[in-house]
Amino acid sequence: MRLRQLRYFLVVARMENITKAAQLIHVSQPALSRSLKELEQEIGVPLFIRNGHSLKLNESGRYFQKQVAQSLKLVDDAITDIQHEAQGRANQIIIRTVTSSPLLPRLVHYLKVELPTVKVRLVQDGLENNALSRYDFELSTSPIKGNINTPLLDEEILVGVGPQSPWYHKASITREALQTQPLILTAASPLRTLIESFLATPTNPVIPAFTTSDRLSIYELTAKNLGCSFIPARSWNVTNLSNVHLLHIAPERLTRRIFLSSPADLQLDARHQQVGAVIRGFFG
1 MRLRQLRYFL VVARMENITK AAQLIHVSQP ALSRSLKELE QEIGVPLFIR NGHSLKLNES
61 GRYFQKQVAQ SLKLVDDAIT DIQHEAQGRA NQIIIRTVTS SPLLPRLVHY LKVELPTVKV
121 RLVQDGLENN ALSRYDFELS TSPIKGNINT PLLDEEILVG VGPQSPWYHK ASITREALQT
181 QPLILTAASP LRTLIESFLA TPTNPVIPAF TTSDRLSIYE LTAKNLGCSF IPARSWNVTN
241 LSNVHLLHIA PERLTRRIFL SSPADLQLDA RHQQVGAVIR GFFG
């Protein structure tokens, strides 16, 4: 039983005439008659009372007409819905991130200005959908296996100190000096792992004085001279930090690389290439 066969049945049932129905749906009269007979044979029940080219539904036919009309409406509605959904997805870009960043609103605004027809959706990994299988781009601080990973920028990690710190009016602080200070670190994250691997020694593990992933709390703890914090220069908001002075680590600066990562099969899509180029331009 085919959808076309059922649609033919509804037209004939409505017009009650094989010739007129065949003309309306642009098929030959013999082909339409054959389709109706095959339908009745498959069901095993006659649906029409025939009188030459005229047909009228019998009781079974009237019941079948009602049920088929309802079923085909559901099918047509489902087709329309998925077509609209597919059209929406065609203009949607999903960007996944590990953590939030003040850069993200500016990036979304930049994309809307440069590509006004593209709808951008942000998904924070671990909050909205940790197992999200479909995404277009991810901003990551490490290459993602199996993806195409493009470096966007090398970002310096600065040290924040409060006004009572002996380094408050200095330009830099050494790694050795940091190892003696109370530290304010985020909860487990790629940034914390980077800082710990940079500072730790076999005899001196990194044990933070405070742990919080709330950036405002990090700034406030630093301003109250409760420890040294670590602040990415570009991806965090480092403007107007009242009573927090930012230092370089010297002589070896601490940096991290941010990547634009995307599934390999998307690289052949011209739309994704265009969006990827705009994102790279934002960070360039």
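Sequential numbering of the sequence shown, starting at 1, is according to the UniProt record's numbering.
Quick reminder that beta carbons are idealized off the backbone N, C-alpha and C, glycines included.
None of these values were measured; they are calculated from a predicted model.
Open item on the list: Using only CA atoms, which one of D269, P263 and I258 lies nearest to L103?
Closed with: If you number the sequence shown from 1, residue 103 lands on position 103. Selected option, being the one with the closest Cα: I258.
Task: Segments of 3+ residues assigned as beta strand (DSSP E) that fall wholly inside the segment 101-152 - done: 119-124 and 137-140
- [ ] Kindly indicate which three-state DSSP category L191 falls into: helix, strand or coil?
- [x] The residue labelled residue 191 in the question sits at position 191 within the sequence shown. L191: helix per DSSP, three-state reduction.
- [ ] On a CA-only basis, which of I195, Y168, L178 and A209 is nearest R256? Give me that one, please.
- [x] Walking along the sequence shown from the start, residue 256 turns up at place 256. Comparing Cα-Cα distances from R256 to each of I195, Y168, L178 and A209, the minimum goes to I195.
Task: I93 - partner residues in DSSP beta bridges - done: Within the sequence shown, numbered from 1, the residue matching residue 93 stands at position 93. Looking at the DSSP assignment, I93 forms a beta bridge with V120.
TODO: Have a look at T186 and P205 and give me their C-alpha separation to the nearest angstrom.
DONE: In the sequence shown, residue 186 corresponds to position 186, counting from 1. In the sequence shown, residue 205 corresponds to position 205, counting from 1. Using only the alpha carbons, I get a separation of about 16 Å.
Open item on the list: Looking only at its chain, what residues have a beta carbon closer than 8 Å to the beta carbon of L178, apart from the 5 residues adjacent to it on each side?
Closed with: The residue labelled residue 178 in the question sits at position 178 within the sequence shown. Excluding residues within five positions, the ones whose Cβ falls inside 8 Å are V159, L199, C228 and I249.
TODO: Please confirm whether N243 and P163 have their CB atoms less than 8 Å apart.
DONE: To locate residue 243, count along the sequence shown from 1; it is residue 243. To locate residue 163, count along the sequence shown from 1; it is residue 163. Yes; because the gap between Cβ atoms is below 8 Å, this pair is in contact.
Task: Spatial distance of L247 from V275 (CA atoms) - done: Position 247 of the sequence shown, counted from the first residue, corresponds to residue 247. Position 275 of the sequence shown, counted from the first residue, corresponds to residue 275. Going by the C-alpha atoms only, they are around 35 Å apart.
Task: Option in I218, T180 and S189 with minimal Cα separation from I203 - done: As a first step, residue 203 must be located in the sequence shown, where it is residue number 203. Checking the sequence, you will find Thr at residue 203 rather than Ile. Ranking the options by Cα distance to T203, first place goes to T180.
Open item on the list: Which complete beta strand (DSSP E) runs does the segment 171-253 hold, if anything under 3 residues is left out?
Closed with: 172-174, 183-185, 228-232 and 245-250
Open item on the list: Just list the residues that DSSP pairs F48 with in beta bridges.
Closed with: The residue given as residue 48 occupies position 48 in the sequence shown. Per DSSP, the beta-bridge partners of F48 are L57.
- [ ] Report the three-state DSSP secondary structure of V11 (helix, strand or coil).
- [x] Taking the sequence shown and counting its residues from 1, the one referred to as residue 11 is at position 11. Three-state DSSP puts V11 in a helix.
- [ ] Spatial neighbours of V108 within its chain, please: CB distance less than 6 Å, with the 5 preceding and 5 following residues excluded, ordered by chain position.
- [x] Taking the sequence shown and counting its residues from 1, the one referred to as residue 108 is at position 108. Around V108: V120.
- [ ] Can you tell me which of S197, I184, T201 and A188 puts its alpha carbon nearest to the alpha carbon of F210?
- [x] Taking the sequence shown and counting its residues from 1, the one referred to as residue 210 is at position 210. Taking only the C-alpha atoms, the option nearest F210 is I184.
Task: Residue range of the unbroken beta strand (DSSP E) whose run includes P263 - done: If you number the sequence shown from 1, residue 263 lands on position 263. First-last of the beta strand (DSSP E) with P263: T255 to P263.
Open item on the list: Just to confirm my understanding: we take S33, look at its own chain, exclude 5 residues before and 5 after, and list those with CB closer than 8 Å. What are they?
Closed with: In the sequence shown, counting from the first residue as 1, residue 33 sits at position 33. Once the five neighbours on either side are set aside, the close Cβ partners of S33 are I18.
TODO: Name the two residues that bound the continuous alpha helix (DSSP H) containing P30.
DONE: Against the sequence shown, residue 30 aligns to sequence position 30. P30 -> alpha helix (DSSP H) spans Q29 to I43.
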